[in-house]
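Down below is the structure, laid out as structure tokens.
Protein chains: 2
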Amino acid sequence: MDDTVTLTLDEAQRLSHEVLTRNGFSESHAAAITRNVVAVQQDECHSHGLYRLISCVETLRNGGVKPDAVPWVENLAPGVVRTDADQGCSLLAFEQARPILMEKARTNGIALLAVNNAFHFSALWPEVESLSEAGLVALAMTPSHAFVAPAGGSRPLLGTNPVAFSWPRPGRFPYTFDFATSVVARGEIELHRRASETLPAGWAIDAEGAPTTDPEAALEGAMLPFGGHKGAALSIMIELLAGPLIGDLLGHETRAATPGGEGRPQHGELLLAIDPAVLTGASVEQHLAHAEALFEGVLAQGARLPSQRRHAARQRSWTKGLTIPMTLYQELDRLRG
Amino acid sequence: MDDTVTLTLDEAQRLSHEVLTRNGFSESHAAAITRNVVAVQQDECHSHGLYRLISCVETLRNGGVKPDAVPWVENLAPGVVRTDADQGCSLLAFEQARPILMEKARTNGIALLAVNNAFHFSALWPEVESLSEAGLVALAMTPSHAFVAPAGGSRPLLGTNPVAFSWPRPGRFPYTFDFATSVVARGEIELHRRASETLPAGWAIDAEGAPTTDPEAALEGAMLPFGGHKGAALSIMIELLAGPLIGDLLGHETRAATPGGEGRPQHGELLLAIDPAVLTGASVEQHLAHAEALFEGVLAQGARLPSQRRHAARQRSWTKGLTIPMTLYQELDRLRG
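For the protein sequence lines, the chains are A and B, in the order given. Reading the first sequence from the start, the letters are residues 1 to 337 in the numbering used here. Reading the second sequence from the start, the letters are residues 1001 to 1337 in the numbering used here.
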């Protein structure tokens, strides 16, 4: 038996949509979630692609997400829009507020979107890239549950607190990065656990605060922030901006839903959008072209741009389809019943 | 002879002001620069304190900064203000535009300040802290000259590209960080060179792209970004936002002024300000108080907050004065003629 299966885009979308709707998500949530996880799977990021549907359904079964939540959007100021996800998944709330964020960015030059009370499990780059494809510069951040120790600490306190940035490159994929402020995304540790592989040194500490390479011990202990105290400082910034600034929770106040019905995974997300055309007016194209000199300078040294591998994968996926592990396919196929 | 000298706040301010005005800076530039370097010296950050007056005067003598530049402020959009420093020092331009940035943040929820064509040599934290002392959340960034290689690269391309963030803590010093996206600030390497000390491993590569611990070789080669490819990705973001986004230069297009009259050190700076009261209205104080739980959680583990040491130094300086090396005092005293 082959250990992988290759799906067409249509097949992947149908698989995702059926897994979600047959487990109780509304059509509109299933559509928004599918757009995200299929886009991420196309980019061959396995930790945040179709694999995430498993924990998404598990969260629903554990009562941790409202599957038919209807987000409501609120206009707080000329530069600020807020959307309350009403305990549902963040993706639909983001999609509904996105046009307002974009309009505000075009009018005001810069705008902020606060997403509140959202179950968030997804990669951020499809959100920021969608804004850059419309010509905007975008920044997104969200906390996660307490998985990471502060630099110099010994216990989990901070979320993995990802940050994503995207910059429009006319005629090309945007310059995009999306990374956890932990050394790696928690999904990477989970993938190591599933594959029974040890972790590289420096990723995590165990429950006693001692360094560990055991993924099980790491999941019971704490991950470490990237870049020592600088990464930890950024991580704290992300919790503040996507938490108390927008009237939402800190990472350590949230928890994955458990079979016992405990855990409240919802928290906030913050997005910023800036319209370069407001800043540089008629010469905006010239200045965007100017930015290319920086990307060329990186590539000329044999170094890579952060989104390069993903974008190459996306182009492969467009022609060759989406290849996923057979075990994952079978699990998802069971989930759609 | 004592190897240090302790100045009162007044003496430090007068020393700075006289060094600057007697070398040709206008009164208003000298006042703005003095406010910055004395604040930084109070915080016992020697690399960006009074020591920076030496290179500031050197830049002036080399024709690299316009000492009597008059910044002009332009209202670009409801959420965007721009100030052109006209080849002068960034600090006066920032101070003049700050009230407009603050007003825009209060009205729109979020606002952006672009500083263009500025000679920038100063720490960013006094700027973001001044916004947080007025109740705003603030983010600042600026490129510097090409001192840093991208992750996986071998030659200087990126600036040290500092980023600073500040969060208002009612009744306390703000939560503030300000760090270079290089492993350390370039000033630290210069201090090692002046002290004839070797560098820790991992800070820099030499002109051939090989690791080095020699500060001279590092200054001729390249510094490394903090946190590998994540730090490099952030550094690129900073160059884009404080460069082409606001119609200004990339780090590698700028150069320190040299005695031959070459080099054009000017570039851009970007600041964002967000008013928490726009986001959470009447409950803003409750949410700011809520943020304290995160800081308490860090401290409860024996870990430190990024600004802790600086703020303690500030309180010491208020009572005990500013202690600087005698060699620095003598050099500055010579400079004021």
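Just so you know, even glycine gets a beta-carbon here, dropped at the ideal spot from N, CA and C. Quantities reported herein were computed from a predicted structural model and do not represent experimental measurements.
query, result
"Ser-1166(B), buried or exposed, once every other Cβ within 10 Å from all chains shown has been counted against 16", "buried"
"Check whether Leu-1234(B) and Val-1163(B) have beta carbons under 9 Å apart", "yes"
"Contacts that Met-237(A) makes with chain B (C-beta to C-beta distance below 7 Å)", "Phe-1165"
"Stretch-stretch touch, CB-based, cutoff 8 Å, three pairs: the stretch 1138 to 1158 of chain B with the stretch 296 to 303 of chain A", "yes"
"For Asp-2(A) and Ala-151(A), the rounded distance between their alpha carbons", "44 Å"
"Among Met-102(A), Leu-279(A), Ala-210(A), nearest to Arg-1082(B) - alpha-carbon criterion", "Leu-279(A)"
"Cβ pair count under 8 Å reaching 3, the stretch 1002 to 1019 of chain B against the stretch 12 to 30 of chain A", "no"
"Nearest to His-192(A) (by Cα), restricted to the options Glu-216(A), Ala-149(A), Gly-64(A)", "Glu-216(A)"
"Cα-Cα separation between Thr-107(A) and Gly-1049(B), rounded to whole angstroms", "40 Å"
"Spatially closest choice to Gly-1065(B) from Leu-1091(B), Phe-1179(B), Ala-1140(B), Gly-1247(B), by CA coordinates", "The amino acid at residue 1065(B) is misidentified as Gly; the sequence shows Val. Of the listed residues, the one whose Cα sits closest to Val-1065(B) is Leu-1091(B)."
"Through-space distance from Leu-1113(B) to Leu-1339(B), alpha-carbon basis", "Residue 1339(B) lies beyond the residue range present for chain B, which begins at 1001 and ends at 1337; the question has no answer from this structure."
"Burial state of Asn-1116(B), where buried means 16 or more other Cβ atoms lie within 10 Å", "buried"
"Short CB-CB distance (under 9 Å) between Leu-199(A) and chain B", "no"
"Proximal chain B residues relative to Val-80(A), where beta-carbon distance stays under 7 Å", "Gly-1109, Ile-1110, Val-1278, Leu-1279"
"Host beta strand (DSSP E) of Gly-1079(B) (start-end)", "Neither: Gly-1079(B) is in no beta strand (DSSP E) and is coded neither H nor E."
"8 Å contact criterion, which Leu-15(A) and His-29(A) should meet: CB distance rounded", "Not confirmed; about 16 Å, so no contact."
"Coil, strand or helix - Pro-1211(B) by DSSP", "strand"
"Contact list for His-252(A) against chain B, beta-carbon separation under 7 Å", "Gly-1297"
"Min CB distance Leu-1124(B) to chain A below 9 Å", "no"
"Chain A within 9 Å of Ile-1274(B), Cβ atoms only", "yes"
"Proximity of Leu-9(A) and Leu-322(A) at Cβ, strictly below 9 Å", "yes"
"Trp-1318(B), buried or exposed, once every other Cβ within 10 Å from all chains shown has been counted against 16", "exposed"
"Classification of Gln-1042(B) by the beta-carbon crowding that lies within 10 angstroms, buried from 16 upward", "buried"
"For Glu-1127(B) and Ala-1140(B), believed in contact at Cβ under 8 Å, the rounded distance", "5 Å"
"is_contact[His-290(A), chain B] using C-beta, thresh 9 Å", "yes"
"8 Å Cβ cut-off: residues of chain B touching Ser-283(A)", "Gly-1247"
"Residue-level contact to chain A via CB, Lys-1230(B), 9 Å cutoff", "yes"
"Distance CB(Ala-277(A))-CB(Lys-104(A)) smaller than 9 Å", "no"
"Check: Thr-4(A) C-beta below 8 Å from any heavy atom of the ligand FAD", "As far as ligands go, the structure on display features none, and thus does not contain the ligand FAD."
"Cβ-Cβ distance between Met-237(A) and Phe-1177(B) below 9 Å", "yes"
"Any chain A beta carbon closer than 9 Å to Gln-1301(B)", "yes"
"Residues near His-1120(B) in its chain [Cβ-Cβ closer than 7 Å; skip 5 each side]", "Ser-1090, Thr-1142, His-1267, Glu-1269"
"Residue(s) in a DSSP beta bridge with Ile-1110(B)", "Ile-1274(B)"
"Below-9 Å beta-carbon distance, Tyr-51(A) vs any chain B residue", "no"
"Enclosing beta strand (DSSP E) for Thr-323(A) [first to last residue]", "322 to 325"
"Alpha helix (DSSP H) segment containing Trp-125(A), residue limits", "125 to 132"
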